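Printed below as a string of structure tokens:
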């Protein structure tokens, strides 16, 4: 830009910014008025808008903040139709761009950003928290936390112990408290991501953008509203990345040891995180290759990693006490090893590698990312992360490797919860966005581009949350799982047998074992038996018990119609 053009810009821009902001405020004010607007209403609104905008521009000047981002408000000032979403988005982009263009960090206490993000996320998740007991795995986790039981492989001892601590809180029922545990883990993960970006780049707004991308993604949000192991997995993955990235800058043995502890707890919590070990090791050596020749520096991380194995002791020790929900197999060394490693699922690991369905799985990955973030946000995160890695390529190796390995593991794993298995990849992508935005130059001719990119990223993230909120608000008010399970138990004949699928059996067990409802009724899970059709399995289980007691079923298969009995509807079952 020539000297004369720069001089003209410096003199004209503040007035143009104030004019755009004034027209924006006037339009929003007029659109908020009921009925048809007359010129008698528009003129005072325009005058007031210009006065307020002028005062805002003057305030920004006093605070030594740039006013040119107010020009973004002119987009809605010229928008052809009234649209509150566009108005809110332009205001958000403008506000964030003002903060980003004003410097790498805000003039606030360093910890305030992540504290605010954590508190805000927790408030959002609690406001949309599932009201009580949940079906399937969620119900199992509520049950094992409340009774200190043994969950299905890999056992989740860390989750169970922490969840038990939450059941001691004085609010709600035990199931709600375990749901709250998930909300705390999710909010903490968002705060860790925000802190990591701020510490590594000095950019508070970059941290906010990363936190918004992660915390408002629909699946991440969903996992923060009900009992599950995914939110704790995401938190531990975020801690591993935070400590490793901090070590990359500080070379502090304490940070490396802390990352080893977080990784050990994460791998024991969910063995899928074990696959990240090569990426983490590659990052350490990329940062400091001399570690290969200095074995003494590995001692503290090795001790930290080894200490996490103590958590496994919970499984055999608690099983020997015969808890209400038990898995006696963990009482033997071989059984314990198989349970912790999830060897029963080994046939599902890498199932789709070389499978004809792999291309469809890759297409599903693309669709999942679009559903979670929208293409503009997640592709923008990749671009920002790569651009920010020009000077710090080991960082890209870390977040890129974690995202790629986790995505590979999830896509090739045979399970219906692929979208949930990708949670560590979501954490890595959010860090890529924040680190990339934080490394963008906030000076010179690229300042407007960097500031607007930051504002647009946060606006896209908030837009995702805005779209998802009504669904979560509705789920927060839905307590049909408890009401249907209670009705089925209440209407079951004395000493009856209820045969249930996994989705419905866990809330029934919870009501019996935790709340003591209808313990005279036996509730049995009818599990699939290999290649045997499920209807045949249910028919056989019914006939095995039909002569000794009343039998109720939660699923009415066609094979049941051929049995010598009548089926009467009972509270959602038969």
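In my numbering, the protein residues as written are 661 to 1234.
Glycine included, every Cβ here is placed at the ideal spot set by N, Cα and C.
All values reported here derive from a predicted model rather than from experimental measurement.
For this session: Please state if the CB of residue 984 and the CB of residue 1173 are separated by a distance shorter than 8 Å.
Result: yes
For this session: Under the assumption that residue 1056 contacts residue 1045 (Cβ atoms under 8 Å), give the Cβ distance between them as a whole number of angstroms.
Result: 6 Å
Problem set entry | Supposed contact pair residue 900 and residue 923 - C-beta distance, whole angstroms, cut 8 Å | 5 Å
Exercise. Of all the beta strand (DSSP E) runs that stay within the bounds of the region 1165–1199, which reach a length of 3 or more residues?
Worked result: 1182–1185
Exercise. Hey, would you say residue 749 sits closer than 8 Å to residue 802, going by beta carbons?
Worked result: no
Exercise. With DSSP run on the structure shown, which of helix, strand or coil describes residue 1212?
Worked result: strand
For this session: Using three-state DSSP, classify residue 1230 as helix, strand or coil.
Result: strand
For this session: Leaving aside the five residues before and after residue 1028 along the sequence, list all residues of the same chain whose C-beta is less than 6 Å from its C-beta, in chain order.
Result: 1079
For this session: Confirm, please, whether the CB-CB distance from residue 1195 to residue 1218 is below 8 Å.
Result: yes
Problem set entry | Same chain, Cβ closer than 6 Å to residue 1048, five either side skipped, listed in chain order | 1095, 1096 and 1099
Exercise. In chain order, which alpha helix (DSSP H) runs of at least 4 residues are fully inside the region 840–913?
Worked result: 864–875, 878–883 and 890–910
Exercise. Touching or not, the region 835–850 and the region 881–894, by the rule of three or more beta carbon pairs under 8 Å?
Worked result: yes
Problem set entry | Residues that residue 1090 bridges to, as DSSP identifies them | According to DSSP, residue 1090 bridges with nothing at all.
For this session: Look at the alpha carbon of residue 1206 and the alpha carbon of residue 819, and state the distance between them as a whole number of angstroms.
Result: 39 Å
Exercise. Relative to the ligand GTP, is the shortest distance from any of its heavy atoms to the C-beta of residue 827 smaller than 7 Å?
Worked result: In the structure shown, the ligand GTP is absent, as is every other ligand, since no ligand is present at all.
For this session: Return the CA-CA distance between residue 1086 and residue 1223, expressed in angstroms with no decimal places.
Result: 49 Å
For this session: Could you pull the start and end residues of the beta strand (DSSP E) that residue 949 belongs to?
Result: Where residue 949 is concerned, there is no enclosing beta strand (DSSP E), given that its DSSP letter is neither H nor E.
Problem set entry | Given 8 Å, three or more beta-carbon pairs between the region 1060–1073 and the region 1017–1033 | yes
For this session: Could you tell me which of 830, 823, 1007 and 790 sits nearest to residue 1190, measuring between CA atoms?
Result: 1007
Exercise. So residue 1115 packs on residue 754, CB below 8 Å; how close in whole Å?
Worked result: 7 Å
Problem set entry | residue 1214 burial status per 10 Å Cβ neighbour count (16 or more: buried) | buried
For this session: Indicate the three-state DSSP secondary structure (helix, strand or coil) for residue 711 in the structure shown.
Result: helix
Problem set entry | Residues that residue 1158 bridges to, as DSSP identifies them | 1183 and 1212
Exercise. Which residue spans inside the region 796–828 form an unbroken alpha helix (DSSP H) run of at least 4?
Worked result: 796–807 and 817–827
Exercise. Is it buried or exposed for residue 982, if we count other Cβ within 10 angstroms and need 16 for buried?
Worked result: exposed
Problem set entry | Rounded separation between residue 766 and residue 1127 - CA only | Note that residue 766 scores 47 on pLDDT, short of 50, meaning its location in the model is unreliable; the coordinates nonetheless yield the value given after this. Looking at the two C-alpha atoms, the distance is approximately 29 Å.
Problem set entry | Contact the region 789–808 vs the region 909–920: 3+ CB pairs below 8 Å | no
Exercise. Around the Cβ of residue 736, are there at least 16 other Cβ atoms within 10 angstroms (buried) or fewer (exposed)?
Worked result: buried
Exercise. Can you give the Cα-Cα distance for residue 1216 and residue 859, rounded to whole angstroms?
Worked result: 57 Å
For this session: Pick out whichever of 861, 1004, 774 and 707 has its Cα sitting closest to the Cα of residue 1092.
Result: 861
Exercise. Is it buried or exposed for residue 1143, if we count other Cβ within 10 angstroms and need 16 for buried?
Worked result: exposed
Problem set entry | Residue closest to residue 944, alpha-carbon to alpha-carbon, out of 957, 934, 1088 and 932 | 957
For this session: Just tell me which of 1234, 851, 906 and 1130 has its CA closest to the CA of residue 895.
Result: 851
For this session: For the alpha helix (DSSP H) containing residue 1146, list its first residue and its last residue.
Result: 1140–1151
Problem set entry | Same chain only: Cβ atoms within 6 Å of residue 1178, ignoring 5 sequence neighbours per side | 1149
Exercise. When the distance is taken between beta carbons, is residue 1211 closer than 8 Å to residue 1062?
Worked result: no
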